[in-house]
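Protein chains in written order, with my numbering: chain A, 108 to 431; chain B, 108 to 431. Every residue, glycine too, gets a C-beta built ideally from N, C-alpha and C. Have a look at the structure below, then the notes.
Protein chains: 2
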Amino acid sequence: MIKLAIDAMGSDKGSQIAVQASLKFVHDYDVELYVYGNEEELSSLQNKERIHIVKTTQVMEMTDGALASRRKKDSSMVRAIEDLKAHKVDGVVSCGSTGALLSSSTLLLGTLEQIERPAIMTVLPTSNKRGVVLLDIGANASNTASQLEKFAILGKAYAKGVRQVENPKVALLNIGSEAKKGDDLRKETYQLLENNDQIHFIGNVEGKDVLNSNADVIVCDGFTGNVMLKTIEGASVFMMKSLKENLMDGLLSKVGAVLSKKSLKRMKMQLDPNQYGGAMIAGLPEAVVKGHGSSDEVALYHALRQLYLIVENHVIDKVKEELK
Amino acid sequence: MIKLAIDAMGSDKGSQIAVQASLKFVHDYDVELYVYGNEEELSSLQNKERIHIVKTTQVMEMTDGALASRRKKDSSMVRAIEDLKAHKVDGVVSCGSTGALLSSSTLLLGTLEQIERPAIMTVLPTSNKRGVVLLDIGANASNTASQLEKFAILGKAYAKGVRQVENPKVALLNIGSEAKKGDDLRKETYQLLENNDQIHFIGNVEGKDVLNSNADVIVCDGFTGNVMLKTIEGASVFMMKSLKENLMDGLLSKVGAVLSKKSLKRMKMQLDPNQYGGAMIAGLPEAVVKGHGSSDEVALYHALRQLYLIVENHVIDKVKEELK
């Protein structure tokens, strides 16, 4: 049976999110869950079938950066990754500090052959309903062209392995569609991708195409990807707010808004970044998923589901194949 | 009386957009308009009060890049900028090729003292209703920290001069709020802005804050700014589409949607990039505004209005003051 580890501590909303998500997840999926954290806080998970509490004494805080992974050896995060390394579990999900999770994972697990730097990978919804794999969304503050080429391979393997896309179309995020567009990094990456036989490269996409193109994978540096993802998040907040204000303005609209309420709620869920699930840390030899820091139990449930699919579909093995 | 030049050719939607916008604009504002383009296409402007047709024979196409400005000397774009240089008009608006407009302007007009590279500057709507000045949104494919510092000064002068913000708060777009966040460019720029007494620097903002912060000016490199702006455009298209689909799904919602139609239309206008007006090419010694390539007559009208405000408020003189 698949064994998944949950770092229950260090997220913005506290450990009860992990408790709720775990209970629902073991109910829906045939897995064993190992929940790492403060014994008392996790007490309501005691004696639950297929749930194991792993007592830890330290918490990786949101303010903890890369160095904390050496210091907090009994944190729920580090302990879960240690057990992943020892193959006591098959994958780890954490909503804690991104910096600490990245460094703990890289330090303890190493990276896959050929991979200098891991990338954080997520899936965004698209107009064509197929969704798009986007990486790197913030593991790196800057990248080289060769790193972006590797990200393309990681993204392709994920699109094939988890999303069952036959021959994933890979695009490069740029400021124009022609090959000569962009800065030196983009021009060099364009050439590498175009000349790589493993990659079905369809050229550049612009910001306006990210949610509206036919690409299956979009590659970008960690700085741009992070700004872009957070911009989508911010734009969605702005638009929902603006829509609400506009709908509440005038009596007829108010009636309309009540009737459309269910529709609006559905759309909000669709656009909610928490709903697309977690973000895989790609380039590691094991399955690690980062949940949004402000995840609620629904978002963490989705992150767990994503981790489950990665393990169930042997995505890491498929990535290794691609890198050969 | 203020004299404004309109490059009527080379936009995606043809010259009639310029004809319509010109007629409405002279009706609403006390200006003289000089409309550059094909005589026949502009014939409906003949004998209109305060409108002058300037016959030109060439058209700067969307595919024309930087080099075309030397080749197409009788294009509506180059002729308008020539007349701006000769002070026959006080400002130019064009919806033509960005590359050609940038190079024609820089070549013919030069740049302001201390300014190595112009920036394209726009104003985005914000949750607090005050709006935010954003630059560079794509004049440059890459920038240095010193260029970003100059962009901050240009943005500040515009916020003060056109938008009447007393002591504009300037922020740097980055991937985290702390000073040490981001790549080398961001770290270096942070230091320059923090140590610049002319700038009221409030630190970093992230992508999610762009439409939701209290900054009056946000500075970024041209690559990131272009990706971000186009991402907002694409996200708004995605969300409107998704909203429409969700609203049309179910009878009650359908009734609701009809009642809310006016509200939705209002919101769409608010989010429509064409509605925020044009984008100023900042750093030039004269007033040049770039309209969106797919502008309709409403968008071009707004771009004209923005140009009018820049001239009326002596923004270029204020920028020169700031740069002293």
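Status (buried if at least 16 other CB within 10 Å, exposed otherwise) for residue 337 of chain B = Its Cβ being crowded by 16 or more others within 10 Å, residue 337 of chain B is buried.
At 8 Å on the CB atoms, spell out the chain B contacts of residue 290 of chain A, in chain order.
Here the neighbours are 248, 249 and 330.
key: Option in A/248, A/419, A/322 and A/225 with minimal Cα separation from residue 272 of chain A   = Checked all of A/248, A/419, A/322 and A/225; the closest Cα to residue 272 of chain A is A/322.
*Once you ignore the five residues that flank residue 427 of chain B on each side, which residues in its own chain have a CB closer than 7 Å to its CB?*
Only residues of its own chain outside the window of five on either side were considered, and among them 219 have a CB closer than 7 Å to the CB of residue 427 of chain B, listed in chain order.
Which residue's Cα is closest to the Cα of residue 124 of chain A: A/241, A/149 and A/259?
Comparing Cα-Cα distances from residue 124 of chain A to each of A/241, A/149 and A/259, the minimum goes to A/149.
* Compare the beta carbon distance of residue 112 of chain A and residue 191 of chain A with 8 Å and say whether it is the shorter of the two. => Yes, the pair counts as a contact, with Cβ atoms nearer than the cut-off.
Please report how far the alpha carbon of residue 151 of chain B lies from the alpha carbon of residue 141 of chain B, in whole angstroms.
Computed Cα separation, rounded: 14 Å.
Just list the residues that DSSP pairs residue 228 of chain B with in beta bridges. Per the DSSP secondary-structure output, residue 228 of chain B pairs in a beta bridge with B/242 and B/387.
Taking the CB atoms as reference points, tell me whether residue 318 of chain B and residue 205 of chain B lie closer together than 8 Å. For residue 318 of chain B and residue 205 of chain B, no; Cβs fall outside 8 Å.
Check whether the Cβ atoms of residue 128 of chain A and residue 407 of chain A sit closer than 8 Å, and answer yes or no. The answer is yes: Cβ separation under 8 Å.
Residue burial classification, residue 445 of chain A (beta-carbon count within 10 angstroms, cutoff 16)
Nothing about residue 445 of chain A can be read from this structure; chain A reaches only from 108 to 431.
ask   = Roughly how many angstroms lie between the CA atoms of residue 133 of chain B and residue 115 of chain B, to the nearest whole one?
value = Spanning the alpha carbons of residue 133 of chain B and residue 115 of chain B requires a straight line of approximately 15 Å.
Check your understanding: By the criterion of Cβ-Cβ separation under 8 Å, what are the contact partners of residue 164 of chain A in chain B?
Key -> Result: empty, since nearest Cβ-Cβ is about 28 Å, beyond 8 Å.
Requested in this report: Kindly confirm or deny that the stretch 303-319 of chain B and the stretch 266-286 of chain A touch, where touching means at least three C-beta pairs closer than 8 Å.
Outcome: Inter-segment contact for the stretch 303-319 of chain B and the stretch 266-286 of chain A is absent: fewer than three beta-carbon pairs are separated by less than 8 Å.
message: Helix, strand or coil for residue 198 of chain A? Go by DSSP, reduced to three states.
response: DSSP places residue 198 of chain A in strand when its eight states are reduced to three.
Margin query: If you follow the alpha helix (DSSP H) that residue 418 of chain B is in, where does it begin and where does it stop?
Written below: First-last of the alpha helix (DSSP H) with residue 418 of chain B: 404-419.
- C-alpha distance - residue 341 of chain A paired with residue 388 of chain A, whole-angstrom precision: Taking the straight line from one Cα to the other gives about 23 Å.
- Task: Give the residues from the stretch 258-292 of chain B that approach chain A closer than 9 Å (Cβ to any Cβ), ordered along the chain.
- Result: Considering only beta carbons, the part of the stretch 258-292 of chain B lying closer than 9 Å to chain A consists of 280, 281, 282, 283, 288, 289, 290, 291 and 292, in chain order.
Return the residues of the stretch 302-318 of chain B that lie within a Cβ-Cβ distance of less than 8 Å from chain A, sorted by chain order.
313, 314, 315, 316, 317 and 318: these are the residues of the stretch 302-318 of chain B whose beta carbon lies less than 8 Å from some beta carbon of chain A, given in chain order.
- Query: Does DSSP put residue 160 of chain B in a helix, in a strand, or in coil?
  - Reply: DSSP places residue 160 of chain B within a strand segment (E or B) once states are collapsed to three.
Taking only beta carbons into account, state which residues of the stretch 330-346 of chain A come closer than 8 Å to chain B, listed in chain order. Within the stretch 330-346 of chain A, the residues whose Cβ lies closer than 8 Å to any Cβ of chain B are, in chain order, 330, 331, 333, 334, 335, 336, 337, 338, 339, 340, 341, 342, 343, 344, 345 and 346.
Any beta carbon from chain B within less than 8 Å of residue 427 of chain A's own beta carbon? Judged by the 8 Å Cβ criterion, residue 427 of chain A is not in contact with chain B.
Can you list, in chain order, the residues of its chain with a C-beta nearer than 6 Å to that of residue 299 of chain B? Leave out the 5 residues immediately preceding and following it. These residues qualify, in order along the chain: 252 and 256.
**Report entry** CA nearest to the CA of residue 334 of chain A, picked from A/415, A/224, A/289 and A/243
**Finding:** Relative to the Cα of residue 334 of chain A, the nearest Cα in the group A/415, A/224, A/289 and A/243 belongs to A/243.
**Asked** Using 8 Å as the Cβ pair cut-off and three pairs as the minimum, do the stretch 172-179 of chain A and the stretch 198-213 of chain A touch?
**Response** Touching, per the Cβ criterion.
Worksheet item: How would you write the range of the alpha helix (DSSP H) that residue 267 of chain A sits in, first residue to last?
Response: Counting along the chain, the alpha helix (DSSP H) containing residue 267 of chain A begins and ends at 252-268.
Original post:
Where residue 394 of chain B and residue 225 of chain B are concerned, what is the direct C-alpha to C-alpha distance, given to the nearest angstrom?
Top reply: Distance between the alpha carbons of residue 394 of chain B and residue 225 of chain B: 12 Å.
Quiz item: Name the chain A residues whose beta carbon is nearer than 8 Å to that of residue 245 of chain B?
Solution: Going along chain A in sequence order, the residues near residue 245 of chain B (Cβ under 8 Å) are 282.
What did DSSP end up calling residue 139 of chain A once you bin it into helix, strand or coil? Residue 139 of chain A carries a strand assignment under DSSP once its states are collapsed to helix, strand and coil.
### Query
By how many angstroms is the C-alpha of residue 184 of chain B removed from the C-alpha of residue 258 of chain A?
For residue 258 of chain A and residue 184 of chain B, the distance between alpha carbons rounds to 42 Å.
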